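*Asks:*
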Amino acid sequence: MESNIFDMGKIDIAWCPGCGNFAILKALKAALAELEITPHNLVMVSGIGQAAKIPHYLRANVFNGLHGRALPPATAIKAVNPDLTVIAESGDGDMYGEGGNHLINTMRRNPDITNIVHNNMVYGLTKGQASPTSRMGFKTPVQVRGVAIEPFNPIALGIALDASFVARAFAGDFEQMKEILIKAISHHGYALVDILQPCVSFNKLNTYEWFKTHTYYLDNAHDPTDRTAAFGVALEENKMALGVIYQNSERACFETTTTVYEDNKGPFCNRKPNLEKLNDLITSKGR
Ligand SMILES: Cc1ncc(C[n+]2csc(CCOP(=O)(O)OP(=O)(O)O)c2C)c(N)n1
Ligand code: SF4
Ligand SMILES: [Mg+2]
């Protein structure tokens, strides 16, 4: 097998054989290597879940946060050291359910981070409850009569909030997934990549075959800078579009608009703490 600078050597991976997470991990490592990013310059941030274990399976700096709370530390890490490549990666339950409020406000804030979501339409780690993206009618040990509400649409949400990069990929297509990840990581601003990922143990509805027959690739006729057209694509019902659906490269990033970089462009993490100011804050004199 071809070696990759992000390989961890012989490690135990706690995913089921056949899980779509393996292909996502491989595609991410290949994309990072092609972009010539180095492990010491990469920070992987995640929450809790099967997908959220991914930072433990590649060589990089890791911040493993609370359930649903990957985006705030990812935003902060990038803000204090804009030279780093920061990837926030978790599952659909973690990012779209528990972390939904952070998702909304991170899209609005537009930090220069990549947000990869393993969308298996189920809670995998906790053994098969419905997630926000579970399809109507999906039966689980908790939703015994089937899910009764429409699934959450992360692509439509991203376009509605003018998230600066919104894409969808499929874990069953390695090459396309890698290409989409390369574009997302290269994008300057917040980039959402929703990856359709089969969970072979707890989702017997949304299988590799189901995803294949319910998706199609956007062709060159689609202009990702056309927000209205992108919104139309996001709302399509029969098949889900794969590829870069929306991109707005005009939006300023959080790191460039935050006041700490107004007069001094050097990374915040390299500055000496202003102890006098800090003391004033603590003693309330600075209020
Ligand atoms: C505050 C809190 N609530 C609930 C849980 C239990 N819990 C752990 S992972 C998880 C869902 C994970 O689902 P998803 O993000 O889709 O990841 P997957 O396992 O499917 O990859 C839940 C509900 C928790 N750890 N913390
Ligand atoms: S439970 Fe599902 S998501 Fe978790 S490792 Fe197994 S197949 Fe993958
Ligand atoms: Mg999930």
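Counting with the working numbering, you get residues 1 to 287 for the letters of the sequence shown. Ideal placement from N, C-alpha and C gives every residue a C-beta, glycine not left out. If you're wondering where the values come from, they're calculated on a predicted model, not measured in any experiment.
(1) With residue 90 as the anchor, note down where its beta strand (DSSP E) starts and where it stops.
(2) When you compare only the Cα positions, how much space is there between residue 151 and residue 205?
(3) For residue 249, which of 242, 210, 111 has the nearest alpha-carbon?
(4) At 3 residues or longer, and completely inside the region 120-178: list those beta strand (DSSP E) runs for me, N to C.
(5) Out of 272, 56, 39, point me to the one whose CA is closest to residue 46's CA.
(6) When the Cα atoms are used, what is the spatial distance from residue 160 to residue 283?
(7) Should residue 108 go down as buried or exposed, given a rule of 16 or more other Cβ atoms within 10 Å for buried?
(8) Among residues of its own chain, excluding the 5 on either side of residue 224, which ones have a beta-carbon nearer than 6 Å to its beta-carbon?
(9) Under 6 Å Cβ to Cβ from residue 4, same chain only, skipping five residues before and after it: list those, please.
(10) Would you be able to state if there are at least three C-beta pairs under 8 Å between the region 185-199 and the region 111-130?
(11) Beta carbon of residue 158, beta carbon of residue 91: below 8 Å?
(12) Is it true that the region 52-66 meets the region 80-97, where meeting means three or more beta-carbon pairs spaced less than 8 Å apart?
(13) Ends of the beta strand (DSSP E) at residue 215?
(14) Taking Cβ positions, are residue 255 and residue 79 nearer each other than 8 Å?
(15) Going by beta carbon distance, what residues of the same chain come within less than 7 Å of residue 197, once the five residues before and after it are set aside?
(16) Count the other CB atoms within 10 Å of the CB of residue 164; is the residue buried (16 or more) or exposed (fewer)?
(17) For ligand 1, any of its heavy atoms closer than 7 Å to the Cβ of residue 126?
(18) In three-state terms, what does DSSP make of residue 233?
*Replies:* On the basis of the supplied data:
(1) Taken as a continuous stretch (DSSP letters only), the beta strand (DSSP E) holding residue 90 covers 85-91.
(2) Cα-Cα distance, rounded: 14 Å.
(3) That would be 111, whose Cα lies nearest to the Cα of residue 249.
(4) Counting whole runs of 3 or more residues, the region 120-178 contains the beta strand (DSSP E) stretches 165-170.
(5) Distance from the Cα of residue 46 is smallest, within the candidate group 272, 56, 39, for 56.
(6) About 43 Å.
(7) Result: exposed.
(8) Here the set comprises 244, 246, 247.
(9) 29, 33, listed in sequence order.
(10) The answer is yes - the region 185-199 touches the region 111-130, with three or more Cβ pairs under 8 Å.
(11) In this structure, residue 91 does not lie closer than 8 Å to residue 158 by Cβ.
(12) These segments touch.
(13) Where residue 215 is concerned, the enclosing beta strand (DSSP E) stretches over 215-217.
(14) Yes, these two residues count as a Cβ contact at 8 Å.
(15) If we look at residue 197 and ignore the five residues flanking it on each side, its Cβ neighbours are 20, 21, 24, 118, 119, 120, 171.
(16) Per the 10 Å Cβ criterion, buried.
(17) Yes, since a heavy atom of ligand 1 falls inside the 7 Å radius drawn around the Cβ of residue 126.
(18) The answer is helix: DSSP assigns residue 233 an H, G or I state.
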